[in-house]
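Trainee: Residue numbers (the numbering used here): 19 to 372.
Mind looking over this structure? Questions follow.
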Amino acid sequence: MQKTRNKKILTGAIHVLGWGIFFALPFFFYRGEGVSITLNRYLGYCFVPLSCLIIFYTNFLWLIERQLFRRKVSTFILSNIVLVMLLGVSLHFWQDFHRKHLSEPVPETMKELQASLPKPPRYVFIARDMMLMALTVALSVAIKMTGGWYETENEKQELKKAQAEAELQNLKSQLNPHFLFNTLNNIYSLIAINQDKAQYAVHDLSRMLRHVLYENNQHFVLVDKEFEFMKSYIELMSLRLPKSTRLEVSIPERGNGAMIAPLLFIPLIENAFKHGVSSTQESFINIKFELQGNNRLNCLVENSNYPKKDNDRSGSGIGLTNLKRRLELLYPGKYIFKAETLNDRFITELLIQL
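Right under this line is the structure:
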């Protein structure tokens with residue numbers, strides 16, 4: 019509402035300034051000739067900008083909306099021809115009346131100048147004034163159409179922004195239960211193995227859920243907080259790892275005050291723990307976060323590749339699909355995401371320009 023009001027005030031100020039300059043032109047012209055401007059002299063001039071003013075706002079506020087934009091082009095052209103002719107003839111009669119009854123004696127300097135110049139026929143001046151009025155019509159159409167196009171584009175952008183925001187919220191709402199489902203499933207499996215670890219995991223989960231529920235409502239959070247969450251999440255997921263799995267994690271201590279969208283890296287880590295661990299064979303998970311300067315963050319995850327069977331793919335695919343769409347919405351043209359299988363290992367890498 020305030021934005022619309024400010025826009026109207028700015029538009030009004032531009033209109034007033036433009037017409038003010040047009041009406042003030044005689045003061046500059048007469049001053050250049052060394053002649054003082056009087057009311058009578060000004061009245062001889064002001065009917066020209068006044069006629070243009072009438073034509074401009076008749077079109078700007080009425081004819082363009084009711085005729086041109088409704089595709090009544092012939093009616094619009096005819097209306098303007100009639101309007102221009104009426105004002106052109108009125109201007110002609112006014113100038114004749116002013117010259118006979120209101121004009122002041124011409125200064126000697128101006129008389130000499132007028133005498134030295136050829137005197138074109140009267141219709142030349144009428145044609146000149148009508149041409150100026152026709153240009154005023156064109157100007158009003160150009161400004162109106164440009165403003166309409168600008169408003170339409172703004173509305174489209176606002177609509178796209180609203181749609182993207184709605185989709186982003188939907189993706190976040192998918193992420194929360196997906197994260198919770200995988201974590202609870204992990205704790206459930208841990209209960210049968212080590213109840214003490216399971217109890218610790220539940221406590222850790224409650225702390226992490228606060229981060230998920232509150233930080234995830236923000237568009238961006240400090241990288242430091244995201245690093246802390248990643249450490250806790252990896253620690254929680256590692257509680258049920260068999261001894262045959264080697265886990266290596268490298269996360270910087272500080273985020274240098276940079277900001278990032280929350281929970282972007284959860285799907286990469288989830289995927290590694292889900293598909294990179296075997297209970298019967300040696301396996302590995304390598305997770306490395308690296309800050310490159312103050313505006314680039316790289317996450318590289320490598321793990322052994324043990325794809326789940328079809329009957330054991332709970333939520334599989336949701337996380338990475340969700341991640342790709344979130345990246346498109348949050349970091350268009352500012353990220354590189356790669357996922358590939360090389361022999362017996364699966365590698366994902368995400369580079370984000372913060």
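Cβ atoms here follow ideal geometry from the backbone N, Cα and C, with glycine treated the same way.
All values reported here derive from a predicted model rather than from experimental measurement.
Please check the pair serine 69 and leucine 96, which I expect to be a contact at CB under 8 Å, by giving their CB distance rounded to whole angstroms.
Mentor: As a first step, residue 69 is located in the sequence shown; it is residue number 51 there, counting from the start. As a first step, residue 96 is located in the sequence shown; it is residue number 78 there, counting from the start. In fact, because the Cβ distance is near 19 Å, the residues do not count as touching under 8 Å.
Trainee: Near leucine 341, which residues of its chain fall below 7 Å by C-beta distance, leaving aside the five closest residues on each side in sequence?
Mentor: Mapped onto the sequence shown, residue 341 falls at position 323. Excluding sequence neighbours, leucine 341 sits near Leu282, Pro285.
Trainee: Determine the extent of the alpha helix (DSSP H) in which alanine 290 is found, giving its start and end residues.
Mentor: In the sequence shown, the residue the question calls residue 290 occupies position 272. Start and end: 284-293.
Trainee: When you compare the CB positions of leucine 240 and methionine 277, do they come within less than 8 Å of one another, or not?
Mentor: Translated into positions along the sequence shown, residue 240 becomes position 222. Translated into positions along the sequence shown, residue 277 becomes position 259. Contact flag set, yes.
Trainee: For isoleucine 73 and phenylalanine 355, I'd like the C-alpha separation in whole angstroms.
Mentor: For the purposes of this step, residue 73 is taken as the residue at position 55 of the sequence shown. For the purposes of this step, residue 355 is taken as the residue at position 337 of the sequence shown. One C-alpha to the other measures close to 58 Å.
Trainee: What are the start and end residues of each continuous alpha helix (DSSP H) run of 4 or more residues lying completely inside the segment 233-279, in chain order?
Mentor: Complete alpha helix (DSSP H) runs here, min 4: 241-256.
Trainee: Quick check on the burial criterion: 16 or more other C-beta atoms within 10 angstroms. Buried or exposed for methionine 149?
Mentor: Mapped onto the sequence shown, residue 149 falls at position 131. Exposed is the call here.
Trainee: Should threonine 359 and asparagine 304 be called a contact, given that it needs their Cβ atoms to be closer than 8 Å?
Mentor: Locating residue 359 in the sequence shown gives position 341, counting from the first residue. Locating residue 304 in the sequence shown gives position 286, counting from the first residue. In this structure, asparagine 304 does not lie closer than 8 Å to threonine 359 by Cβ.
Trainee: What would DSSP say about glutamate 300, mapped onto helix, strand or coil?
Mentor: In the sequence shown, residue 300 corresponds to position 282, counting from 1. Coil, per DSSP.
Trainee: What are the start and end residues of the beta strand (DSSP E) that includes asparagine 316?
Mentor: Position 298 of the sequence shown, counted from the first residue, corresponds to residue 316. Run containing asparagine 316: 314-322, per the beta strand (DSSP E) assignment.
Trainee: Taking threonine 29 as the reference, which of Gly165, Phe65, Leu105 has the closest Cα?
Mentor: Along the sequence shown, read from residue 1 onward, the residue named residue 29 stands at position 11. Among Gly165, Phe65, Leu105, the Cα nearest to that of threonine 29 is on Gly165.
Trainee: Which of the three DSSP states is assigned to tyrosine 75 in this structure?
Mentor: Counting from one through the sequence shown, the residue named residue 75 turns up at place 57. Here tyrosine 75 sits in helix by DSSP.
Trainee: To the nearest angstrom, report how far apart isoleucine 269 and glutamate 346 are at their CA atoms.
Mentor: Taking the first residue of the sequence shown as 1, we reach residue 269 at position 251. Taking the first residue of the sequence shown as 1, we reach residue 346 at position 328. Between isoleucine 269 and glutamate 346, the C-alpha separation is close to 25 Å.
Trainee: Whole angstroms is fine: what's the gap from serine 334's alpha carbon to tyrosine 353's?
Mentor: Start at 1 with the first residue of the sequence shown, and residue 334 comes out as number 316. Start at 1 with the first residue of the sequence shown, and residue 353 comes out as number 335. Only weak support exists for where serine 334 lies, its pLDDT of 48 falling under 50; the coordinates are left without a value.
Trainee: Straight-line CA distance for isoleucine 82 to valine 91?
Mentor: Taking the sequence shown and counting its residues from 1, the one referred to as residue 82 is at position 64. Taking the sequence shown and counting its residues from 1, the one referred to as residue 91 is at position 73. Those two C-alpha atoms are separated by around 9 Å.
Trainee: State the start and end residues of the unbroken beta strand (DSSP E) segment that holds isoleucine 365.
Mentor: In the sequence shown, the residue the question calls residue 365 occupies position 347. Looking at the DSSP string, the run of the beta strand (DSSP E) that includes isoleucine 365 is 363-371.
Trainee: Measuring only the C-alpha atoms, how far is proline 67 from valine 142?
Mentor: Counting from 1 along the sequence shown, the entry for residue 67 is found at position 49. Counting from 1 along the sequence shown, the entry for residue 142 is found at position 124. Cα to Cα, the separation comes out at about 18 Å.
Trainee: Per DSSP, what kind of secondary structure is phenylalanine 87 in: helix, strand or coil?
Mentor: In the sequence shown, residue 87 corresponds to position 69, counting from 1. Coil at phenylalanine 87, not helix or strand.
Trainee: Since I believe alanine 290 is in contact with asparagine 321 (beta carbons under 8 Å), could you give me their beta-carbon distance rounded to a whole number of angstroms?
Mentor: Looking up residue 321 in the sequence shown gives position 303. Looking up residue 290 in the sequence shown gives position 272. 4 Å between Cβ atoms; contact.
Trainee: Where does tyrosine 251 land, buried or exposed, given buried means 16+ other C-beta within 10 angstroms?
Mentor: Residue mapping note: residue 251 aligns to position 233 of the sequence shown, counting from 1. Per the 10 Å Cβ criterion, buried.
Trainee: Label lysine 249 either buried or exposed according to how many other C-beta atoms from any shown protein chain fall within 10 Å of its C-beta, with 16 as the threshold for buried.
Mentor: As a first step, residue 249 must be located in the sequence shown, where it is residue number 231. Exposed: under 16 other Cβ atoms inside 10 Å.
Trainee: What is the rounded straight-line gap between the Cα of valine 220 and the Cα of isoleucine 209?
Mentor: Here the question's residue 220 lines up with position 202 in the sequence shown. Here the question's residue 209 lines up with position 191 in the sequence shown. Cα-Cα distance, rounded: 10 Å.
Trainee: Give the DSSP-derived three-state secondary structure of leucine 223 in the structure shown.
Mentor: Here residue 223 corresponds to residue number 205 of the sequence shown, with the count starting at 1. Helix, per DSSP.
Trainee: Drop a sphere of 10 angstroms on the beta-carbon of glutamine 85, count the other beta-carbons inside from all chains shown, and report buried for 16 or more, exposed for fewer.
Mentor: Counted from its first residue, the sequence shown places residue 85 at position 67. Label assigned to glutamine 85: buried.
Trainee: Measure the alpha-carbon distance for lysine 178 versus glutamate 169 and round it to whole angstroms.
Mentor: The residue you call residue 178 lines up with position 160 of the sequence shown. The residue you call residue 169 lines up with position 151 of the sequence shown. If I take the Cα positions, the gap works out to 14 Å.
Trainee: Let me make sure I understand the geometry here. Which of Lys243, Gly275, Ile39, Lys292 has the alpha-carbon closest to that of leucine 259?
Mentor: In the sequence shown, counting from the first residue as 1, residue 259 sits at position 241. That would be Lys292, whose Cα lies nearest to the Cα of leucine 259.
Trainee: Assign leucine 202 to buried or exposed, taking buried as 16 or more other Cβ atoms, counted over all protein chains shown, within 10 Å of its Cβ.
Mentor: The count along the sequence shown starts at 1 and reaches residue 202 at position 184. Classification for leucine 202: exposed.
Trainee: Please name the residue or residues paired with glutamine 310 in a DSSP beta bridge.
Mentor: Along the sequence shown, one-based indexing puts residue 310 at 292. Answer is Arg314.
Trainee: Please classify arginine 264 as buried or exposed, where buried requires at least 16 neighbouring CB atoms within 10 angstroms.
Mentor: Counting from 1 along the sequence shown, the entry for residue 264 is found at position 246. Classification of arginine 264: exposed, given that the 10 Å Cβ count is below 16.
Trainee: With the cut-off set at 8 Å, would you say leucine 105 and methionine 151 are in Cβ contact?
Mentor: Start at 1 with the first residue of the sequence shown, and residue 105 comes out as number 87. Start at 1 with the first residue of the sequence shown, and residue 151 comes out as number 133. Against a cut-off of 8 Å, the Cβ pair of methionine 151 and leucine 105 comes out as a contact.
Trainee: Is it true that the CB of leucine 227 sits closer than 8 Å to the CB of leucine 254?
Mentor: By one-based count along the sequence shown, residue 254 stands at place 236. By one-based count along the sequence shown, residue 227 stands at place 209. Cβ atoms of leucine 254 and leucine 227: not closer than 8 Å.
Trainee: In three-state DSSP terms, what is tyrosine 349?
Mentor: Position 331 of the sequence shown holds residue 349. DSSP places tyrosine 349 in coil when its eight states are reduced to three.
Trainee: Quick check on the burial criterion: 16 or more other C-beta atoms within 10 angstroms. Buried or exposed for phenylalanine 111?
Mentor: Position 93 of the sequence shown, counting from 1, holds the residue named residue 111. Exposed is the call here.
Trainee: Looking at C-alpha atoms only, which residue of Phe46, Leu157, Asn274, Lys243 is the closest neighbour of phenylalanine 98?
Mentor: Here residue 98 refers to the residue found at position 80 of the sequence shown. A small fix is needed here, since residue 98 is asparagine in this sequence, not phenylalanine. Taking only the C-alpha atoms, the option nearest asparagine 98 is Leu157.
Trainee: Is it buried or exposed for threonine 339, if we count other Cβ within 10 angstroms and need 16 for buried?
Mentor: Taking the sequence shown and counting its residues from 1, the one referred to as residue 339 is at position 321. Exposed, because fewer than 16 other Cβ atoms sit within 10 Å of the Cβ of threonine 339.
Trainee: With a threshold of 7 Å on Cβ separation, who are the neighbours of phenylalanine 41 within its own chain once the five nearest residues in sequence on each side are excluded?
Mentor: Stepping through the sequence shown from its first residue, residue 41 is reached at position 23. The residues are Cys64, Pro67.
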